[in-house]
Amino acid sequence: MGRWWTLVAVCLGTFMLLVDVTIVNVALPAIEADLHSAFDDLQWVIDAYALTLAAALLAGGSLADRLGRRRIYVIGVGIFTGASLLCGLAGSPLMLNLARGVQGVGAGLMFACSLALLASTYRGKDRGTAFGVWGATTGAAVAVGPLAGGVLTQLIGWEAIFFVNLPIGALVIFLTLRYVGETRNEHAGPIDWLGLVLFSAALAALVFGLIRGNDEGFTSPLILTLLIGAGVLLVAFVLVQRSVAYPTFDLSLFRVPTFVGGLVAAFVLSAAMFASFLYLTLYMQNQLGYSALEAGLRFLPISLLSFLVAPISGKLAERVGVRWFIGAGLACVGFALILFGGLSVDDDWTALLPGMILGGIGIGMVNAPLATTAVGVVEPQRSGMASGINSTARQVGIATGTALYGAVVAGVIDGRAQAFGEAVGGRPPSEAQGSFSDFIVFGAYKQLGEKALEPGRAAFLDGLNEILLIGGIVAFAGAALCFVLIRPRDFVEHAHAAQPARAEV
85 MGRWWTLVAV
95 CLGTFMLLVD
105 VTIVNVALPA
115 IEADLHSAFD
125 DLQWVIDAYA
135 LTLAAALLAG
145 GSLADRLGRR
155 RIYVIGVGIF
165 TGASLLCGLA
175 GSPLMLNLAR
185 GVQGVGAGLM
195 FACSLALLAS
205 TYRGKDRGTA
215 FGVWGATTGA
225 AVAVGPLAGG
235 VLTQLIGWEA
245 IFFVNLPIGA
255 LVIFLTLRYV
265 GETRNEHAGP
275 IDWLGLVLFS
285 AALAALVFGL
295 IRGNDEGFTS
305 PLILTLLIGA
315 GVLLVAFVLV
325 QRSVAYPTFD
335 LSLFRVPTFV
345 GGLVAAFVLS
355 AAMFASFLYL
365 TLYMQNQLGY
375 SALEAGLRFL
385 PISLLSFLVA
395 PISGKLAERV
405 GVRWFIGAGL
415 ACVGFALILF
425 GGLSVDDDWT
435 ALLPGMILGG
445 IGIGMVNAPL
455 ATTAVGVVEP
465 QRSGMASGIN
475 STARQVGIAT
485 GTALYGAVVA
495 GVIDGRAQAF
505 GEAVGGRPPS
515 EAQGSFSDFI
525 VFGAYKQLGE
535 KALEPGRAAF
545 LDGLNEILLI
555 GGIVAFAGAA
565 LCFVLIRPRD
575 FVEHAHAAQP
585 ARAEV
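Here the numbering used here is used: the first residue of the sequence shown is 85, the next is one more, and so on.
Following this line, the structure appears as structure tokens:
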């Protein structure tokens, strides 16, 4: 059992940091009411975490290879746990989002080490088992977040979704220091700080431009500057990666089709499916009137199925091939999103059930084999960078998917303002009440009485159905790319796992 404590420590930490991607979803209405947040503020609760997580993943992979994966993992857990305390104590949207950003830094350091610790500890069938359990953990964590958030928010308060991390973080630190041996790449070079800054700035400019685009106008000087600047920064990042001796992104990895296919799958799964959870949660609570706990319970089909399917797919993929599971899994996600769409004002949550069942299966089919595409095509010494890049793709997907979906939802809803005003026999809400999209998203239109219920819900559903259709198309495109890119001959069969370095106190 001794060597399996590494799996326990890694999976427990991974579960904690990934739960925090979606645990806030069902708490957002309570946060909005308590902190008087706008729709933009709520998107930043998601994206502040995802953005800094993605940036820290890049540095974390290199730091882990150079300074030791156990050491960086423990530092990450410490930062994450401390920031969780600050999140729970936040008294304004700004303070909450700043604390979420710090929390993302810790999560990024943890996540960058997770697959690398497993890859350097286990080999052969044990590695398949470890990746299968890790895949089940990632799938269940992201999906179970709404349920956990609902229980804690309803019974205690939204602050509890952050305070719950304190004892878990302490346990992870103890297990890691007690049972996990140190591993590192003795030949790792210095960190590419310039590349890290350029990539982080490009991603931040893109997401900020998408979130603010609807309010400012996508043709406004500010938004055009942000979006064009993001492109320029990304080009500069690529040029830097080609010129430095020790890049953040080893561009040679992008010549391996299977590695690229894994990045596509990671990005698409997060951008298309996981980003939709925020808007499905807002639909359940603010439109259908469910409590945080009731909304969280209705995500249970996704939680259970993703957890049950992932270890099975991890085992079978070893024999059948990861391409078939990842491609078919993304296709299931695409069908699930299409099934989610087409909602009408007369539907209740059961209209989402077929999509939740198929979506849970799809998530489970993708997650476990996806881990193999990250580190299965490189030597153990490069596993830190490889897993960091793959995990970065997941968080970039969450950040851009949330921002893009939010821009589409807000844009569609704002376009229904005049029709809503005519339906209720008056004008749309004034600026004193906030934007029209805020008025609809938060369900404030219900204050106008019975006459506002149908046009208000219809305005929200027009936006929701549009992003679900977009997500479905993106998932189908990702499935097709993965079928083409992922190839069995790209995988490296390591004869031996990396030898652990001497454990340090």
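All C-beta atoms in this analysis are idealised placements derived from N, C-alpha and C, irrespective of residue type, glycine included.
Three-state class that DSSP yields for residue i in the structure shown
i       : result
Glu-53  : Outside the displayed range of the chain (85 to 589) lies residue 53, so it cannot be described from this structure.
Glu-463 : coil
Glu-243 : coil
Thr-221 : helix
With 16 other Cβ atoms within 10 Å as the buried cut-off, status of residue i
i       : result
Ala-93  : buried
Gln-531 : exposed
Ile-124 : Checking the displayed sequence, the identity of residue 124 turns out to be Asp instead of Ile. So Asp-124 ends up on the buried side.
Arg-154 : buried
Val-404 : exposed
Leu-173 : exposed
Ala-254 : exposed
Ser-593 : The chain is shown from 85 up to 589; residue 593 falls before or after that span and cannot be answered.
Phe-544 : buried
Asp-430 : exposed
Gln-325 : buried
Gln-369 : buried
Ala-139 : buried
Val-105 : buried
Ile-240 : exposed
Leu-178 : exposed
Val-228 : buried
Val-393 : buried
Leu-389 : buried
Ala-376 : buried
Glu-116 : buried
Leu-599 : In the structure as shown, the chain begins at 85 and stops at 589. Residue 599 is therefore absent and cannot be evaluated.
Phe-258 : exposed
Pro-385 : buried
Ala-199 : Looking at the sequence shown, residue 199 is not Ala but Leu. When all chains shown are included, Leu-199 counts as buried.
Gln-371 : buried
Thr-90  : buried
Leu-437 : exposed
C-beta atoms of residue i and residue j nearer than 8 Å
i       : j       : result
Gly-547 : Val-496 : yes
Pro-331 : Asp-276 : yes
Ala-132 : Gly-185 : yes
Phe-351 : Ala-477 : yes
Gly-313 : Ala-329 : no
Gly-499 : Gly-446 : no
Thr-237 : Ala-111 : yes
Thr-484 : Gln-127 : no
Phe-292 : Leu-317 : no
Gly-398 : Gly-212 : yes
Gly-152 : Glu-266 : yes
Thr-303 : Tyr-157 : no
Thr-456 : Val-406 : yes
Ala-244 : Leu-102 : no
Leu-337 : Phe-343 : yes
Ile-163 : Ala-359 : no
Cys-95  : Thr-221 : yes
Leu-142 : Gly-472 : yes
Ala-349 : Val-450 : yes
Val-492 : Ile-422 : no
Boundaries of the alpha helix (DSSP H) in which residue i is found, first to last residue
i       : result
Pro-438 : 437-459
Asp-149 : 123-151
Tyr-263 : 249-263
Pro-177 : 177-205
Asn-549 : 534-569
Phe-99  : 89-106
Val-525 : 520-525
Ala-501 : 501-507
Proximity test, Cβ basis, 8 Å: residue i and chain D
i       : result
Val-508 : Among the protein chains of the structure shown there is no chain D, as only one such chain exists.
Ranges of the alpha helix (DSSP H) found wholly within the stretch 288-352, counting only runs of at least 4: 305-327, 341-352
If you scan the stretch 352-431 from start to end, which runs of the alpha helix (DSSP H) of 4 or more residues do you find wholly inside it? 360-366, 376-381, 384-404, 406-424
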